[in-house]
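Enquirer:
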Amino acid sequence: LKEVFNIIKSRNKNVMFMYNSHPGGWAGRTNRIVELCRKFIDVVFAECSEADHQPPGFITEMVKLTKAMFGDKPVAASRNYFHMYRTVSSTTPLAIRQGLRESIIAGGIPWLLVFSSSYFQEPANLDAARKVFEEYDTVESYMRRSKPYMYAAIVVSNETRDFYGRHHPEHYVDEVRGFYYALTHAHYPVSFISGRDLEDIKTLRRYRVIVLANTACISERAVENIRDYVADGGCIVATYAVATRDNEGTQKYNVTIGDVIGGELVGVFRQNWSYMVIRDPSHPLFSGIKESTILIGDMSYEFYHERVSPALGWQLIIRPTTGRVLAEIGIAGGLWGYEYTLGRSPPPFVGETEIPAVIENKYGSGASIYFSCQIGRHYWRTGLPEYSRIIVNSVRYLAGEPNVKVEAPETVSVEIYENDHEILVHLLNHTYNQRIMAIGVGRARQPLPAYSTAESVHPPRTVVPVNEIKIWVSESVKRAYLPLKDGRTLKIENMEGRALIRLESLDEYEFVVIEKE
156 LKEVFNIIKS RNKNVMFMYN SHPGGWAGRT NRIVELCRKF IDVVFAECSE
206 ADHQPPGFIT EMVKLTKAMF GDKPVAASRN YFHMYRTVSS TTPLAIRQGL
256 RESIIAGGIP WLLVFSSSYF QEPANLDAAR KVFEEYDTVE SYMRRSKPYM
306 YAAIVVSNET RDFYGRHHPE HYVDEVRGFY YALTHAHYPV SFISGRDLED
356 IKTLRRYRVI VLANTACISE RAVENIRDYV ADGGCIVATY AVATRDNEGT
406 QKYNVTIGDV IGGELVGVFR QNWSYMVIRD PSHPLFSGIK ESTILIGDMS
456 YEFYHERVSP ALGWQLIIRP TTGRVLAEIG IAGGLWGYEY TLGRSPPPFV
506 GETEIPAVIE NKYGSGASIY FSCQIGRHYW RTGLPEYSRI IVNSVRYLAG
556 EPNVKVEAPE TVSVEIYEND HEILVHLLNH TYNQRIMAIG VGRARQPLPA
606 YSTAESVHPP RTVVPVNEIK IWVSESVKRA YLPLKDGRTL KIENMEGRAL
656 IRLESLDEYE FVVIEKE
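According to this note's numbering, the sequence shown holds residues 156 to 672 in order.
(1) What three-state label does DSSP hand residue 610 in the structure shown?
(2) DSSP three-state label for residue 529, please.
(3) Can the beta-carbon of residue 242 be found closer than 8 Å to that of residue 615?
(4) How many Å lie between residue 579 and residue 460 at the Cα?
(5) Grouping DSSP H, G and I as helix and E and B as strand, with all else coil, what is residue 644?
(6) Is it buried or exposed, residue 388, if we count other Cβ atoms within 10 angstroms and call 16 or more buried?
(7) Taking residue 505 as the reference, which of 208, 450, 550, 464 has the closest Cα?
(8) Please name the residue in 403, 203, 173, 495 whose C-alpha comes closest to that of residue 196.
(9) Using a Cβ-Cβ cut-off of 8 Å (strictly less than) and excluding sequence neighbours within five positions of residue 475, which residues of its own chain qualify?
(10) Taking the DSSP output, what are the residues bridged to residue 349?
(11) Looking at C-beta atoms only, is the number of pairs between the segment 305–312 and the segment 335–350 that lie closer than 8 Å three or more?
(12) Going residue by residue through the segment 254–306, where are the continuous beta strand (DSSP E) segments of at least 3 residues, counting only ones entirely within it?
(13) Pop quiz: residue 231 and residue 264 are said to be a contact at Cβ under 8 Å. What is the actual Cβ separation, rounded to whole angstroms?
(14) Which residue or residues does DSSP assign as beta-bridge partners of residue 627?
(15) Taking three-plus beta-carbon pairs below 8 Å as touching, is the segment 437–453 in contact with the segment 575–593?
(16) Quickly, what does DSSP pair residue 381 with across the bridge? List them, please.
(17) Candidates 489, 233, 271, 431: which alpha carbon is nearest residue 471's?
(18) Do the segment 634–650 and the segment 660–670 meet, that is, are 3 or more Cβ pairs less than 8 Å apart?
(19) Given 8 Å as the limit, is there contact between the segment 561–571 and the segment 622–639, that is, 3 or more CB pairs closer than that?
(20) On the three-state DSSP scale, how would you describe residue 180?
(21) Mind checking which residues open and close the alpha helix (DSSP H) that includes residue 553?
(22) Helix, strand or coil for residue 605? Go by DSSP, reduced to three states.
(23) Can you tell which of 358, 501, 365 has its C-alpha closest to the C-alpha of residue 331?
(24) Within its chain, find whatever has a CB closer than 7 Å to the CB of residue 313; leave out the 5 residues flanking it on each side and keep chain order.
(25) Spatial neighbours of residue 479 within its chain, please: C-beta separation below 6 Å, excluding the five flanking residues on both sides.
(26) Contact check, residue 239 vs residue 632 under 8 Å by CB: the rounded distance?
(27) What number of angstroms, rounded off, separates the C-alpha of residue 489 from the C-alpha of residue 454?
(28) Report the residue ranges of all alpha helix (DSSP H) runs contained in full by the segment 487–511; include only those spanning at least 4 residues, in chain order.
(29) Would residue 390 pass as a contact of residue 482 if the rule is Cβ separation under 8 Å?
(30) With DSSP as the reference, label residue 221 as helix, strand or coil.
(31) So, helix, strand or coil for residue 519, using DSSP?
(32) Which residues in the same chain as residue 411 place their Cβ atom closer than 6 Å to its Cβ, once the five residues preceding and following it in sequence are excluded?
(33) Which same chain residues end up closer than 6 Å to residue 485 when comparing Cβ atoms and leaving out the 5 residues on each side of it in sequence?
(34) Counting C-beta neighbours from all protein chains within 10 Å, is the total for residue 499 16 or more, i.e. buried, or is it exposed?
(35) Report yes if the C-beta distance between residue 262 and residue 213 is below 8 Å; otherwise report no.
(36) Quick check on the burial criterion: 16 or more other C-beta atoms within 10 angstroms. Buried or exposed for residue 181?
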């Protein structure tokens, strides 16, 4: 790519050189190319053709991911005109509008990908894009002068995926995505940073907290930066095999940031199922958690060679050195349970160990929380609230509340930007009809024959309006208005030293501008 780039620029330096990346396809391999070649690409086209069988917000996620790999240079992201792979016809107008908006709210350039067959056979729904591009004409000028609100950043390590996760890259990616969607669903501002940018201390210092979601492969320079970042007051959340290899995948047989997390590696607790046993339920990390034991592990949906998802029930054995233990590893009573057929259910909890499952540590002026399990992967697979609450609590406990916080159902995507004079809030409503209608139970083929098709995916057809959204701002503001509603102003209330802005109703999308004092 460097050679092609140089040849093109030697002919005409004004010619744009664009790379077509599939950030959510091909096991994420193209992200490595974008990260390595960021100096030799002008614009990345992030093709998001997987959007129909991914969660709402996928295009937003892919724009953020690509920007992290690309050093925050321009990213154009696509929404397919068609549903799934039915290229000769259109998807729903709502799917088109919301997909394009997903790119906009992430700071991307919205593209509609149309094949010639659907353009000629079914062009009627092209008008759905017109409305969004008219909105973009208004929103773009605000976005150009603003930056994403910096609060939490999740590291995405191509080295970890390619070396540590070479046989099952999806296991590492699931851990990252679980953290991302837990924070997104709770409306906490979250960005990505690339593994390469761990070697730039300035990048780390932009954020209150850095999430090392099973970031196994970390270079020596990045280790030193993490130490300096936390010592100077930064915070990290780390999980499972964090920092157990270098950036070339060589095992270190210890946790190279052990002094930061407050423990040292002893081994691996290799069990199909295990538990997290909460020692101190009054700790803020466990706010809203009613259970005293949290199940670790899940059944396999391939169900071919083994009953459980590989290594998901495993936990690292970390001996605490300076850290405080908040939870311990619990033992499951057997390799599998007997409450469902073929051993697919988990065995019950039978006892606890003295092995830490969660460690809190102070390091210099900063702090860390370490989880011995893959808690993000659990939320991604199951969506159960106990996992998301612990993830969100860990970030909020370390970093505090952000200065801008939105109260809305988790089906509303919230993206926040700011400049010296304004705060920008995007509100995109994903409260749709049910999209994923069915999923298979694996190769066990129970019952036989299958009751219905398991691969049933519907496009969004209708959006349910959401009422009474609250935007809290912990600084003085003088005006709030809606540029897409002819500048209609919103009432500002002062409550307990914070400004409260209410949006009475949200249909598909709204863009709120808040002017600072």
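Idealized CB from N, CA, C, for every residue including glycine.
All of these numbers come straight from a predicted model, not from anything done at the bench.
Expert: In short, the structure shows the following:
(1) coil
(2) coil
(3) no
(4) 50 Å
(5) Reduced to three states, the DSSP call for residue 644 is strand.
(6) exposed
(7) 450
(8) 173
(9) 417, 418, 511, 514
(10) Paired residues: 311.
(11) yes
(12) 264–268
(13) 4 Å
(14) 560, 655
(15) no
(16) Answer is none; residue 381 lacks a bridge partner.
(17) 431
(18) yes
(19) yes
(20) coil
(21) Per DSSP, the continuous alpha helix (DSSP H) segment holding residue 553 begins and ends at 540–554.
(22) Residue 605 falls in the coil class under three-state DSSP.
(23) Distances from the alpha-carbon of residue 331 to those of 358, 501, 365 put 365 closest.
(24) 186, 187, 190, 350
(25) Hits under 6 Å: 515.
(26) So it is not a contact: roughly 44 Å between Cβ atoms.
(27) 14 Å
(28) none
(29) no
(30) helix
(31) coil
(32) Within its own chain, the residues whose Cβ lies closer than 6 Å to the Cβ of residue 411, once the five positions on either side in sequence are excluded, are 378, 398, listed in chain order.
(33) 430, 432, 448, 504, 507
(34) buried
(35) no
(36) exposed
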